[in-house]
Each structure stands twice: as C-alpha cells, then as structure tokens.
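Protein chains: 2
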Amino acid sequence: MADQAFVTLATNDNYARGAMVLGKSLRNHNTSKKLVALIAPQMSEPCKAVLKRIYDEVREVDVLDSGDTAHLAMMKRPDLGVTFTKLRCWTLTHYSKCVFMDADTLVLSNIDELFNREELSAAPDPGWPDCFNSGVFVFRPSLETYGKLLQHCTDHGSFDGGDQGVLNSFFNDWSTADISKHLPFIYNLSSIAIYTYLPAFKQYGGNAKVVHFLGKTKPWSYTYDPTSRQITGSAHDATTHPTFLLDWWSLYSRTVVPMLQEQHGDQPF
Amino acid sequence: MADQAFVTLATNDNYARGAMVLGKSLRNHNTSKKLVALIAPQMSEPCKAVLKRIYDEVREVDVLDSGDTAHLAMMKRPDLGVTFTKLRCWTLTHYSKCVFMDADTLVLSNIDELFNREELSAAPDPGWPDCFNSGVFVFRPSLETYGKLLQHCTDHGSFDGGDQGVLNSFFNDWSTADISKHLPFIYNLSSIAIYTYLPAFKQYGGNAKVVHFLGKTKPWSYTYDPTSRQITGSAHDATTHPTFLLDWWSLYSRTVVPMLQEQHGDQPF
Ligand SMILES: O=c1ccn([C@@H]2O[C@H](COP(=O)(O)OP(=O)(O)O)[C@@H](O)[C@H]2O)c(=O)[nH]1
Ligand SMILES: O=c1ccn([C@@H]2O[C@H](COP(=O)(O)OP(=O)(O)O)[C@@H](O)[C@H]2O)c(=O)[nH]1
Ligand SMILES: [Mn+2]
Ligand SMILES: [Mn+2]
C-alpha cells in the first residue's frame, strides 16, 4: 500500500511558522504517517530549510506559472488564488490517502486514526453546521478528482471566496449522506466555538485533539514573552482560548525558534 | 395510527405570544398535524383563550405541584425548572409521534415531512455543532422514556443548565450514529448563525423553513410600528436577521393582536 500523509500548505513565511508548529505537534505525538508541506516559491530560504527538517516532503507549487489546467482556471478566477493552491493537494498521488490540515491548526494528541476515514471526511463548521470546515479533511489524491475540482471552481466559483465554499459545493452531500464522514468536532475545534457555547466547551473541550485558530488573528499575530511564558500585547481582543494560544507559542519558542536561528545565523528575523 | 402533533411550551405570557405566532405560522402553511401547547397555570386567561383558538390542545403542566416523579426530581434539582417542564412533552402518549418546537421559532413553509424522521432527530447547534439544538426535535411520547429522562436529569444535572444539555447527554450518540437524525440546519436556523458565516447564509438561507430566535433578545422584546411596518427602538443591537424579525412582527400584529384585543375587551394589555 502506498504511503499515507498529513498535508499542509504555506504560501508565505507567516503561514510557514504555523506549518512548522503543526509539523512539530504531529511529530511530538508520534505520528506514523508522512508529513508533506506544499509551499509557494517566494518563501524565504531559511523557512524552506526549517520546513525541510520537520517535513518528509516539501513541495513547491505555483498555480500562476504552471501552464496547466490550474493555470487556465486561475486566469478565469484570479480571486481564488490560495484556494487553487490548496486544491493542489489532490495531485499528491504517490500517497494513497491523506489528511489535509490548515497551517493554523495545532495537534494535541495522536490522530492517526483519521486515516480510517474515507474521502471526504471533515468536521462541521460552527458558523453554518451543515457545511464542513475545510481546515481538517481526509481525502484521496487523484488527478481525476483534482480536474473535476478545478472545473467546478471555474464554473461555479466559491460562495465564500475560498476553498471551503468550493469544497462544500463539490462534496455537497456531506451533511446528508454518511455519518462516518462527519469527524467529531474535537478534531477541528475552532477557537471561536469556545465562546459561543461555553458550557459545551467545558463539557467536551477537554477531549480536544486538534485546535484550529481560524479567523483573522493567528497565533503568530501575537507576541510572546518566553521568560514569563505569557502572551503580550493585544491578547485580550483574542477570540482564542488562552491555553491553546500558549500551547502554540510554547512549542514555537521551544522547538521552532532555535531551528530558525540556526538557519538565519547572524541575520535578524 | 394515533395522531401526530407539533408541540410547544409557554410558561408565561411573553412566551405565549411566541407560541401564538408559531401556531399561526404552522396553520398558515396548512399543516395536517395537531397543534399542542403546554402551558403553566399562572398564564393569564386572555392568553390561554387565544392559545385555545389557535391550538387543538392546550394542556396545563406544573412540575411543582404534581407530586409525581417529576416533582421528586425537581426537589433535587430546583435549577432545572423550565427544563423539566419541556421534558413533559414525552407524556403526550395519545400521539404516536411529535415535533417539539420552541415558542421562539417561526415556520416559513410546510414542514410536515419532519414526521418521516425518527426520535431523536434534530439540527446541529451552531455553537458546538456536535450537539443538537433542542429548539426543534422529533420525538416519540413514552412514559418509559420520560422516566429515564427525569432520572438522567436527577443523576447528572444539565451541563448547560437547560434542556439542551440534558437532551444531548441523554441522546448522546446523535453526532455519530445516524445521519437521518440530523435535520438540515434550515429546519432550525438560529438567527446568530447568519452573522457568523454570512456567505453560507446567502447561499443556503433562502431555503430556510424554520427560523429560531434563540438567545436573550426575543422578537417580543422589540417594539414594532404597524403603520410603517418597522421595528422601532434598539433593533440595531439585534442578533437577528431583520427580515425574519419583520416576518414575526407582521404575523403577530396582523393575526394575533386582534385575537388578544377581543379577549381583553376594554382592558389594556
Ligand atoms: O496567505 C495564505 C492564506 C492561507 N494559506 C493556507 O490556507 C489555509 C486556510 O487559510 P486560513 O487558515 O487563513 O483561513 P481560516 O481557517 O482562518 O478560515 C491556511 O491555514 C494555510 O494553510 C496560506 O498558505 N497562505
Ligand atoms: O421562561 C421560559 C423559558 C423558556 N420557555 C420555553 O422553553 C423554550 C426554550 O427557551 P428559550 O427559547 O428562551 O431558549 P433559547 O432557544 O434562547 O436557548 C422556549 O422557547 C419556550 O418554549 C418558557 O416557556 N418559559
Ligand atoms: Mn485555518
Ligand atoms: Mn429557543
């Protein structure tokens, strides 16, 4: 059987920091799967180098220069740039099954059991719970599916301007067809859900396996004081549970920063 | 086959106004089912009289004076008063199947097809989407289930202090067992969901069948000018879609207010 892999995407140095923490969190929980990062060519060399130390495979993808069907689709829908890049994960056909994870997710325990699920498995989106959230999903790489997805993008666009809209309208029976394709919400616990129904978070949140820092403010938007181990600055407009944010920063400062420093040498970053 | 019924609950005159609008909205969309309102004894006579004109059955329930198992459960968990009253719907054993609807819901089209579903069917809660929202659910009246529910309440309480917490921990395989028990979200469209993921609302909200004015501010908390057909006052802290709020008020002022006026005679209300 071909390999199985966790896949993420980072088009710039900021999301790369997220991908580094995500990769480290998967390794720390002893995943037996391969780790793949899709990156854009403009990423800095030090970031690429660090990603290569954490990930088994770091693959450059660029819809703009590709000259293939993605390129054609892109010409018609320039608004969907990052979306097309995310869909590229379906081209990883040297893996039999994959789990895509946004670069703004953090793994809190081993989640290799996700590979028992079929395409397309995902957790509900708290905003509109008949949609799945596209921050964590199980899929099967396939050039046929990839082609159909691009065609769907070109024909119908995305109702939310991003990959989540496209994927939900493509896999449009997710909410009605098969309960096994509903990942438990604790595999994609959106930080905002914590505040909308706090008693449920208190009841079930202790079992969280993946936290997803969705929304405008990402963990790397904050600053952190490693000595006092506290988030500094505007942490209080945070829509994120402070504990998860500290988990992210603790992993980042302990394990990722030293690698970045090595790569940068004397240069500041 | 015994009858089937839509069931709601109103313990006071405010929620009674909601129940009147809900009942009217079911009638306007030509339901073929019976309509049942559970009420508390302290409700005013005019409200009772109007409910009796709209509903087939208006039944007084009072956990405090009942002297039965609900009474005993209540003594141990006085915090769960309204919750126990809602669970009373399982005692309506002269119906074979029922759909419970909160008094703060409004029906936008015929929804009799809900009776094709089994206990316990409900729509996901947008706050924590592995929980169902207990504002709309399909159930089978049964004294056995009723007894077990009360016992569960007494033993475990409610993680959110209300009926939703109890029902979710009792029917705790809802999120994993059977997709047919997941009602589409458009059967319980929470007004707050509209703003958390607006593109999805724009995409799917046009098919809404039931809107649920959940949260602290209810339609009857606003004031309405029937001449200009506008919500007046603090409508702008509204977490509710203005169109749905106007739908509620339009139905209330056109069909419910005249009935209340008749009942009140010269008395102001
Ligand atoms: O400029 C960008 C924007 C997004 N992404 C990738 O696309 C995912 C989805 O975007 P984001 O997480 O910002 O969306 P949200 O989850 O907040 O809706 C990210 O996690 C990254 O993996 C990226 O690489 N570069
Ligand atoms: O004082 C009360 C509170 C609640 N209810 C009933 O219980 C339901 C659930 O309460 P509510 O709708 O206020 O909760 P929410 O949906 O906002 O969470 C209401 O719709 C009513 O049917 C009632 O009759 N009297
Ligand atoms: Mn994300
Ligand atoms: Mn309600």
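Here the protein sequences line up with chains A and B, keeping their order.
In terms of the working numbering, the first sequence opens at residue 22 and continues consecutively.
In terms of the working numbering, the second sequence opens at residue 22 and continues consecutively.
Don't be surprised by glycine CBs; every beta carbon is placed ideally from N, CA and C.
Residue i beta carbon near ligand 4 (any heavy atom closer than 7 Å)
{"i": "Gly156(B)", "result": "yes"}
{"i": "Asp125(B)", "result": "yes"}
{"i": "His233(B)", "result": "yes"}
Where residue i sits in the DSSP three-state scheme
{"i": "Glu66(A)", "result": "helix"}
{"i": "Leu210(B)", "result": "strand"}
{"i": "Ser249(B)", "result": "coil"}
{"i": "Ala61(B)", "result": "coil"}
{"i": "Leu235(A)", "result": "coil"}
{"i": "Asn131(B)", "result": "coil"}
{"i": "Arg80(B)", "result": "strand"}
{"i": "Phe153(B)", "result": "strand"}
{"i": "His203(A)", "result": "strand"}
{"i": "Ala198(A)", "result": "coil"}
{"i": "Gly168(A)", "result": "helix"}
{"i": "Tyr218(B)", "result": "coil"}
{"i": "Pro147(B)", "result": "coil"}
{"i": "Phe105(B)", "result": "helix"}
{"i": "Asn228(B)", "result": "helix"}
{"i": "Asn137(A)", "result": "helix"}
{"i": "Ser46(B)", "result": "helix"}
{"i": "Phe180(A)", "result": "coil"}
{"i": "Gly186(A)", "result": "helix"}
Any non-hydrogen atom of ligand 3 closer than 7 Å to residue i Cβ
{"i": "His177(B)", "result": "no"}
Ligand 2 heavy atom lying under 7 Å from the CB of residue i
{"i": "Leu219(A)", "result": "no"}
{"i": "Val103(B)", "result": "yes"}
{"i": "Gly236(B)", "result": "yes"}
{"i": "Thr29(B)", "result": "yes"}
{"i": "Tyr167(B)", "result": "no"}
Cβ-heavy atom distance, residue i to ligand 1, below 7 Å
{"i": "Lys107(A)", "result": "yes"}
{"i": "Thr32(A)", "result": "yes"}
{"i": "Tyr208(B)", "result": "no"}
{"i": "Tyr216(A)", "result": "no"}
{"i": "Tyr76(A)", "result": "no"}
{"i": "Tyr36(A)", "result": "yes"}
Separation of residue j from residue i, as counted between CA atoms
{"i": "Ser155(A)", "j": "Cys68(B)", "result": "48 Å"}
{"i": "Asn51(A)", "j": "Phe192(A)", "result": "31 Å"}
{"i": "Lys97(B)", "j": "Thr106(B)", "result": "15 Å"}
{"i": "Met95(A)", "j": "Lys169(A)", "result": "14 Å"}
{"i": "Tyr167(B)", "j": "Arg109(B)", "result": "7 Å"}
{"i": "His115(B)", "j": "Leu281(B)", "result": "30 Å"}
{"i": "Thr253(A)", "j": "Leu267(A)", "result": "11 Å"}
{"i": "Gly148(A)", "j": "Tyr216(B)", "result": "8 Å"}
{"i": "Lys239(B)", "j": "Ala214(B)", "result": "15 Å"}
{"i": "Ser130(B)", "j": "Gly182(B)", "result": "32 Å"}
{"i": "Thr197(A)", "j": "Gln185(A)", "result": "17 Å"}
{"i": "Val103(B)", "j": "Val82(B)", "result": "11 Å"}
{"i": "Leu101(B)", "j": "Gln251(A)", "result": "39 Å"}
{"i": "Ser117(A)", "j": "Gln63(A)", "result": "29 Å"}
{"i": "Gly178(A)", "j": "Leu93(A)", "result": "14 Å"}
{"i": "Met41(A)", "j": "Ala229(B)", "result": "42 Å"}
{"i": "Lys55(A)", "j": "Pro162(A)", "result": "14 Å"}
{"i": "His285(A)", "j": "Leu113(A)", "result": "31 Å"}
Bridge partners - residue i, DSSP secondary structure assignment
{"i": "Gln25(B)", "result": "Lys118(B)"}
{"i": "Lys55(A)", "result": "Ala26(A)"}
{"i": "Ser142(B)", "result": "Val159(B)"}
{"i": "Thr126(B)", "result": "His233(B)"}
{"i": "Ala37(B)", "result": "Per DSSP, none; premise fails for Ala37(B)."}
{"i": "Thr244(A)", "result": "Thr253(A)"}
{"i": "Ala31(B)", "result": "Ile60(B)"}
Beta-carbon proximity of residue i to residue j, cut-off 8 Å
{"i": "Tyr208(B)", "j": "Val277(B)", "result": "no"}
{"i": "Thr90(B)", "j": "Leu141(B)", "result": "no"}
{"i": "Trp195(B)", "j": "Ala143(B)", "result": "yes"}
{"i": "Gln25(A)", "j": "Cys174(A)", "result": "no"}
{"i": "Leu235(B)", "j": "Ser211(B)", "result": "yes"}
{"i": "Leu188(A)", "j": "Ala124(A)", "result": "no"}
{"i": "Val291(B)", "j": "Tyr36(B)", "result": "Since the first residue of chain B shown is 22 and the last is 290, residue 291(B) is not available in this structure."}
{"i": "Val128(B)", "j": "Ser46(B)", "result": "yes"}
{"i": "Pro220(A)", "j": "Phe180(B)", "result": "yes"}
{"i": "Ala61(B)", "j": "Thr32(B)", "result": "yes"}
{"i": "Pro150(A)", "j": "Pro263(B)", "result": "no"}
{"i": "Asp201(A)", "j": "Arg138(A)", "result": "It should be noted that the sequence gives Ser, not Asp, for residue 201(A). For Ser201(A) and Arg138(A), yes; Cβs fall inside 8 Å."}
Ligand 5 heavy atom lying under 7 Å from the CB of residue i
{"i": "Tyr243(B)", "result": "Ligands in the displayed structure: ligand 1, ligand 2, ligand 3 and ligand 4; ligand 5 is not one of them."}
Interfacial residues, the segment 221-255 of chain B to chain E, with Cβ spacing under 8 Å: In the displayed structure, chain E is absent; the protein chains listed are A and B.
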